[in-house]
Structure formats: structure tokens, C-alpha cells
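Peer 1: Protein sequence lines, in the order shown, are assigned to chains V and R.
So for the first sequence, this note's numbering puts the first residue at 1; every next one is plus one.
So for the second sequence, this note's numbering puts the first residue at 1001; every next one is plus one.
The structure is given below, and queries will be raised subsequently.
Number of protein chains: 2
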Amino acid sequence: MMSELKINLSDNRKDKPASDKLGFGKYFTDHMFIMDYTDENGWHDARIVPYGPIALDPSAMVLHYGQEVFEGMKAYRTPQEEIVMFRPDMNLQRLNNSCERMSMPQVDTQFVLEAIAKLVEIDQEWIPDGEENALYIRPFMIATEPALGVRASKEYKFMVILSPVGAYYPEGIHPVSIYVEQQFVRAVRGGTGEVKTSGNYASGIKAQEVAKTKGFSQVLWLDGKEHKYIEEVGSMNVFFKVNGEIITPALTGSILPGVTRDSVITLLQDWGYPVIERVISVEELFEASAQGLLEEAFGTGTAAVISPIGSLSLGDLNIEISGGKTGELSQRLYDTITALQRGQLEDSHNWAFKVK
Amino acid sequence: MMSELKINLSDNRKDKPASDKLGFGKYFTDHMFIMDYTDENGWHDARIVPYGPIALDPSAMVLHYGQEVFEGMKAYRTPQEEIVMFRPDMNLQRLNNSCERMSMPQVDTQFVLEAIAKLVEIDQEWIPDGEENALYIRPFMIATEPALGVRASKEYKFMVILSPVGAYYPEGIHPVSIYVEQQFVRAVRGGTGEVKTSGNYASGIKAQEVAKTKGFSQVLWLDGKEHKYIEEVGSMNVFFKVNGEIITPALTGSILPGVTRDSVITLLQDWGYPVIERVISVEELFEASAQGLLEEAFGTGTAAVISPIGSLSLGDLNIEISGGKTGELSQRLYDTITALQRGQLEDSHNWAFKVK
Ligand SMILES: Cc1ncc(COP(=O)(O)O)c(C=O)c1O
Ligand SMILES: Cc1ncc(COP(=O)(O)O)c(C=O)c1O
């Protein structure tokens, strides 16, 4: 049914931004992918068209009840002038998991991957040069039925847009100062924290703003139940090296299963490090620090890849990690993953997907 | 600054639906209100224009990070041919509270109330005849800045749309069967449950679908922390009459402070009933039922006004309430509030706001 992908190329190409002024998510390429869904006809009318505004009825359900899911991944240009994406199959599987949780229709991941590859190929000139730069790929699905009343929509749009991006943190790989959030909660088991839906992010903005005002880069989220156990850092998964052992919060239902998280675990195991997924209390972490055993801490995510944590603040308590510098393991993981993403290392896990 | 309201009337009026076939939120009137916000210029360009699609950039932040708030209220036509709204000041205050929590710009409630009154006056022919019918008013605000990256948007649209509606439950005031939700969670303290933002509703759709499949009308939400204490029923606040006393969950931070809830508490106090706001465990409720002390249960909200609960199911346990019939107090509250809303009773609390 979904075999046909119509392509309508833009005859009005935009100027491309300078590759050293990209920032994150500010510029969009010349084309986008769209397909529509109705309960009667399923997914249909798949098309690549010029990037531009979409018309939504003001009663479109996404604008009221937030039925939305999204993904984030990147395409890179290799030294061999190939274009590769990093583990897109995991992102598309997670997209479908998100759809399931949000009562939204799943997509044919094979077809969508081909459509994304085609879109990236068409807009390949937008893949920016420069070490830290990439083409960010944002698939998303929104409920478009024009109706009020809380229930699953009967109509959806699935779209993919592309944005040439620089480093997520303008400072590059660089330790950040983190505030342990004790009041606001990102997610709780039984909610939607383990999928990628807009409401999870909206609820975190306030805490982020408060942290910024206090001079921190991001917040460390604790569990919604006891406000004790570590969940994520900003929009990243989080890892700690304690006394030679690597620990990361187990996926207990309120944590997003990150693609970078999975890659980091795999690499660390390759390298012979013990990696333990379990619950980790913030108290335990501060104690480990007091005993001099907290060696490194870092966030993982598609946007920043590895984001070293230089300090953690809990109320008036402040601990420095790795002497406030980028830890050895953080650096090695960053170098390895970015090299893998750019086809500069042997791809023993088959993580690279060649667009062309 | 916001003194000017431009009006551009439609010259293409739509046919109105039959007043016995309205349903909820299916039809929209001929006009809508919009105003725009930018960080530099604040709210500007307030206008009433023909109802129709809005153009959004596919990267508009609301479509990714769910920064959205909304309200719901109703306008009624009185026997004296006046048009009245019920306590709109409370809705607009709640709107601003929601904005505050979601890091969105607040509105001038006085100006917005006047704009809504004007919009309702322009579309007054859409206020449907018929006892249970009303004109539903949906103010909402969305983040429109075209940018990816989780943070507060710098641009917003605030809109108001109108929909002639029938009874929210097609069966009218009529006891519903409710399923106590033990797996999924609507909200947790520290999250966004006490404000009206889209993500709260998206997260509830799945549970609602499961309950429907099992033959129930709606779910009773328990607290996100211990899964023990009663919070809301569907998208309504909830009240119980136990041994002559009225109890309702206290506003502990994860419950929406309903306008109907507040009105019910006030009326019950007027009538000499003791009303207690406190935490209520589901266990306590089932025990009260076993002892024959659970006399009534009902949900409260703008859409359904009063929705009597005929039965509650917790796993395999099922209790019938008020013999599965509409309780005396539920009926009295429903009759009183709907009469007040329609200007058929003396308005001793000054709840009616006259549109014209
Ligand atoms: C809440 C949250 N946690 C973790 C991650 C990291 O996931 P990934 O490594 O797949 O980018 C992301 C970003 O995608 C996220 O939004
Ligand atoms: C989650 C939730 N709880 C309670 C209510 C009831 O509030 P109100 O009486 O103001 O309509 C609503 C509906 O508005 C709601 O969405």
C-alpha cells in the first residue's frame, strides 16, 4: 500500500547558513517528508515536498490534547563522501513504541527509513562540514483530527524535517554544572517518561529555567515517586563511574531508552568495563563522592553525544567530579562514537546505515 | 497596548447543525479570536477573523515539545434572551496559572474576557437551543517559534474557538461505570497535573481506551506516587458522600482545581452539608461501601457538569453506588448548577457573567 513515494522538488532553494554559525535546530532544509493517516485509509499520500508551513485546523487534536510523538537522529558525511545515519532502526522502533503508548498508529519502519534516506539524499548539500556538525533528522507524528474531546484522534500526519546543526552545547565537549531537581518531576512510572512524546518535554521547561537562573546548565531528574533515585540529566541518559565500575539507571519505566545509552553500554562492555544497570540514589552518589570514589559522570544523547558532568549540586551541597574536567572515559566514548558515526572506525556492530 | 481588537467578519456563514445532533466538539462557529506574542513585542495583533486553518511551521515548538495550555467554559442563552457565561474569571485565572507553570506568557484576563464576549456575541446564533446544549468556548495558547531544542518558545499564538455542544455524555445525566486505574498514571506532584496543559491529556488516552475495551465509561485516577489515593475521574474532579459527609480529594498538587468543583463545594456549604477536602484512599472508599456508608459518588466538570458514578471496579472487586442510580444530591447539584448557568435561579454568588 505504502509503496509509492511522490517527490515534488522545490525550485526555490534557500541560502545555507555558515557551518560555524549553525547552532541547534534553527535552520531547515529545502524539503520535508509528509504522509497522512485516517482510520479508514491507513497511511497514505507519502510525499517529499518543499519545506514550508502546514495548515492545521485550530481544533486539530494535537493542539489541545498533545497526542504527539517524535524522534531525533543524525546523518553525517564520511571522509569517503558517503552519507551515514547512526542506528536509525533503533529510533524507528522507539517511534513505534511511542505510538503504541500514545494510542497512535504505527508506521512501516522499513518504508519510513527509505523515505528518510531519500529525503537526506535530496537535501545532502545541507549536511554541514565541520567536526561537530551534522544533519539533524526530526521525524514526528501529530494528531490532526479537527475535534474537541479527550480520546485518540482518527487522523494523523507523520512528517520528517531536517536541520543542519552544530554542537548542542556551543562550548563543545566540556563539563557542565548540574542541579539536582528536588521539586519538579519529569516523569513517573505509569506515565509517559519511557516514550518520546511532547508532554514530557513541556513539563521539564520550568525546572530547566530555574536551574539556568541559578547558573546551572541542566537539571538531574529524580524519580517522581520518592524523589530519591536518579533518572536522567536534561534530555539525556546518565552514567557514573564509581570505583572503576560503570553504573546507569535501569529502565524502570520512566526513563527513555536512549540509542546513545545502548551504544555506550555496548562499547564499555567491548572494552571490558563492568556496566551495571540498577537504581541509583542521589544519596549513594554523594557518599561515593565523599569517599573519593565518584570518578566520572556524563550524559548521553543524540544531540550532544557525551556530555561530561563537572559538578552536581543538591541544595547547598556541591560536589566536583573529575576535578571539573572531562573524564578519560567520557572523552574516549565521545571520540569513539563520533568516529563511528562518521565512518572513521571499523563498524563491528553494524551501526552505520548508508544513505548512499 | 492591547486596547485594539480588529474584527474581520466572514461573508461565508456555515450551515448550523441540528440542535439534537450536536455531540461534543464536532462543529465550530464562523469566527475565532487570535492574538500573537513575541518576546520583543508582547501580545499584539488581537483579531476576530473567520474560522479557518492556521499555518504553522513544521518546526513550531508546540508540535515537538508540547508547550500548550487551554481552558474550557460554556455560554448559555437564558429564558430572558440574555447570553451568560459561568464564572469565566476563574477559567482565565487558571489559564494564567497554567501559563506560569508552563513558562508561557500570561494574558490580560480583562481584555481576553472582553474579546471572548465579543466573539460569542458575533456568533450568538450558534448558541444551540435545548436543555442540555450550550456553546463551548475553547481558549488555548500554543508555542509557535520555528525551532528545535527544548526550552521556552519566544513566540506564541493565543486563540479562542467556539463549538455548539450537546451533552458530553450522550446518555445525559446517567450513572457511569468507572474502572480504578492501577497501572497508568495521569499526574504526579511536581509534574503538571494541577494545570491545564495538553500533555496531561495525551498521557491519559491509553488508560481510557483500555477501560472502554473492558466496558467502563472512564477511569478513576490514583496518585502517581503510591497508587492509593483518589485524584480525579476521567477529566473531572470527584466527590463522595460517605455517611452524610461530603469528601473530595484535597488539591495536593497533581489535581486540576475545577471551577465546577469549587461551585459544588460552595453550594454544598450553602445547603449545610459538611464538605471535607482531604486525601482519600481507594481502600477507605471500598470499606465505606462494604459498611453501607458510601451513599453517592460523582464527577464534576464543565463538559458534563455532574456525572454520577453508578459503580466502581478495582480489579475483580466491583461496588455499586446509590443502587446504580443517580443519587439525590447529584441530581440536586446538577439541577441547581444548570439552572444557575441558564439564569433560572437567583445568582447569589455572582457567578453569571453577562455577555450582552
Ligand atoms: C528524555 C530523553 N532522554 C534521553 C535521550 C537520549 O536518547 P538518544 O540517545 O536516543 O538520543 C533523549 C534524546 O533523545 C531524551 O529526549
Ligand atoms: C483534568 C481535569 N480535571 C477536572 C476538570 C474539571 O474542571 P472544570 O470544573 O473547571 O471544568 C477538568 C475539565 O476542565 C479537567 O480537564
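Ideal Cβ placement from N, Cα and C applies to all residues, glycine included.
#1: Apart from the five residues just before and just after VAL1259(R), which ones in its own chain have a Cβ nearer than 7 angstroms to its Cβ?
#2: Do the CB positions of ALA75(V) and ILE127(V) come within less than 8 angstroms of each other?
#3: Helix, strand or coil for MET1236(R)? Go by DSSP, reduced to three states.
#4: Round the Cβ separation of PRO254(V) and GLU231(V) to the nearest angstrom and send it over; I've been treating them as touching at under 8 angstroms.
#5: Enumerated in chain order, which unbroken segments of the beta strand (DSSP E) with a length of 3 residues or greater are wholly contained in the stretch 1124 to 1156 of chain R?
#6: Show which residues of chain R have a CB atom less than 7 angstroms away from the CB atom of ARG101(V).
#7: Return the first residue and the last residue of the beta strand (DSSP E) that THR78(V) is part of.
#8: Identify, in the order they occur along the chain, each residue of the same chain with its Cβ nearer than 7 angstroms to the Cβ of GLY1199(R), setting aside the five sequence neighbours on each side.
#9: Can you tell me which of the three DSSP states PRO1175(R) falls into?
#10: Kindly list the residues whose CB is nearer than 6 angstroms to the CB of ARG1278(R), restricted to its own chain and excluding five residues on each side of it in sequence; keep chain order.
#11: Compute every distance between the C-beta of SER1235(R) and the non-hydrogen atoms of ligand 2, then say whether any falls below 7 angstroms.
#12: May I ask you to check if the CB of VAL188(V) is nearer than 7 angstroms to at least one heavy atom of ligand 2?
#13: With a threshold of 8 angstroms between beta-carbons, can HIS174(V) be considered close to chain R, or not?
#14: Below 7 angstroms between beta carbons is the criterion; list the residues of the stretch 1140 to 1174 of chain R that meet it against any residue of chain V, in chain order.
#15: Pull up the distance between the alpha-carbon of PHE33(V) and that of LYS6(V), whole angstroms please.
#16: Compare the Cα-Cα distances from ASP1347(R) to each of LYS1196(R), ARG1189(R), PRO1308(R), LEU1267(R) and report the closest residue.
#17: In chain order, what residues of the same chain lie with their CB nearer than 8 angstroms to the CB of TYR201(V), ignoring the 5 residues before and after it?
#18: Three Cβ pairs or more, each shorter than 8 angstroms: is that satisfied between the stretch 1303 to 1311 of chain R and the stretch 1321 to 1333 of chain R?
#19: Tell me which residues share the same chain as GLY343(V) and place their Cβ nearer than 8 angstroms to its Cβ, disregarding the 5 neighbours each side in the sequence.
#20: If you follow the alpha helix (DSSP H) that ASN97(V) is in, where does it begin and where does it stop?
#21: Just to confirm the assignment, what range does the beta strand (DSSP E) spanning PHE298(V) have?
#22: From ASP15(V) to VAL1195(R), what does the alpha carbon distance come to, in whole angstroms?
#23: For ARG1013(R) and ILE1142(R), I'd like the C-alpha separation in whole angstroms.
#24: Please classify HIS1031(R) as buried or exposed, where buried requires at least 16 other C-beta atoms within 10 Å of its C-beta.
#25: Identify each residue in the stretch 63 to 82 of chain V for which the Cβ-Cβ distance to at least one residue of chain R is less than 7 angstroms, and report them in chain order.
#26: Based on the DSSP output, what are the partners of LEU357(V) in its beta bridges?
#27: Given that a residue counts as buried once 16 or more other Cβ atoms are within 10 Å of its Cβ, and exposed if not, what is GLY42(V)?
#28: Residues in the same chain with beta-carbon distance under 6 angstroms from SER103(V), minus the five sequence neighbours each way, listed in chain order, please.
#29: At which residues does the beta strand (DSSP E) containing ILE1309(R) begin and terminate?
#30: What residue range is occupied by the uninterrupted alpha helix (DSSP H) comprising ARG1261(R)?
#31: Give me the Cα-Cα distance between ARG1138(R) and LYS1206(R), rounded to the nearest whole angstrom.
#32: Does the Cβ of LEU63(V) have 16 or more other Cβ atoms within 10 Å, making it buried, or fewer, making it exposed?
#33: Pop quiz: ARG1186(R) and TRP1221(R) are said to be a contact at Cβ under 8 angstroms. What is the actual Cβ separation, rounded to whole angstroms?
#34: In or out: GLU1296(R) buried (at least 16 other Cβ within 10 Å) or exposed?
#35: Can you name the residues of chain R whose CB is closer than 7 angstroms to the CB of PRO58(V)?
#36: List the endpoints of the continuous beta strand (DSSP E) containing GLU42(V).
Peer 2: Looking at the atomic coordinates:
#1: ARG1087, MET1090, ASN1091, THR1302, listed in sequence order.
#2: yes
#3: Note: MET1236(R) maps to strand in three-state DSSP.
#4: Just to set this straight, residue 254(V) is Ser in the shown sequence, not Pro. With a Cβ gap of about 6 angstroms, SER254(V) and GLU231(V) count as contacting.
#5: Whole beta strand (DSSP E) segments, 3+ residues: 1134 to 1143.
#6: LYS1206
#7: It is not in any beta strand (DSSP E) - THR78(V) carries neither H nor E in the DSSP assignment.
#8: GLY1066, THR1192
#9: coil
#10: ALA1250
#11: yes
#12: Placement of the Cβ of VAL188(V) at a distance of 7 angstroms or more from every heavy atom of ligand 2 is found.
#13: Interface criterion not met: the Cβ of HIS174(V) is under 8 angstroms from no Cβ in chain R.
#14: PHE1140, ILE1142, ALA1147, LEU1148, GLY1149, VAL1150, ARG1151, ALA1152, MET1159, ILE1161, SER1163
#15: 10 angstroms
#16: LEU1267(R)
#17: SER235
#18: yes
#19: TYR76, THR78, PRO79, GLN80, GLU82, VAL84, ALA352
#20: Segment 88 to 101, the alpha helix (DSSP H) holding ASN97(V).
#21: Per DSSP, the continuous beta strand (DSSP E) segment holding PHE298(V) begins and ends at 294 to 301.
#22: Between the alpha carbons of ASP15(V) and VAL1195(R) lies a distance of about 42 angstroms.
#23: 27 angstroms
#24: buried
#25: LEU63, HIS64, TYR65, GLY66, GLN67, GLU68, PHE70
#26: In the structure as shown, chain V begins at 1 and stops at 356. Residue 357(V) is therefore absent and cannot be evaluated.
#27: exposed
#28: ALA152
#29: 1305 to 1314
#30: 1259 to 1270
#31: Rounded to whole angstroms, ARG1138(R) and LYS1206(R) show a C-alpha spacing of 23 angstroms.
#32: Under this definition LEU63(V) is a buried residue.
#33: 4 angstroms
#34: buried
#35: MET1032, ILE1054, MET1159, ILE1161
#36: Just to set this straight, residue 42(V) is Gly in the shown sequence, not Glu. Taken as a continuous stretch (DSSP letters only), the beta strand (DSSP E) holding GLY42(V) covers 42 to 50.
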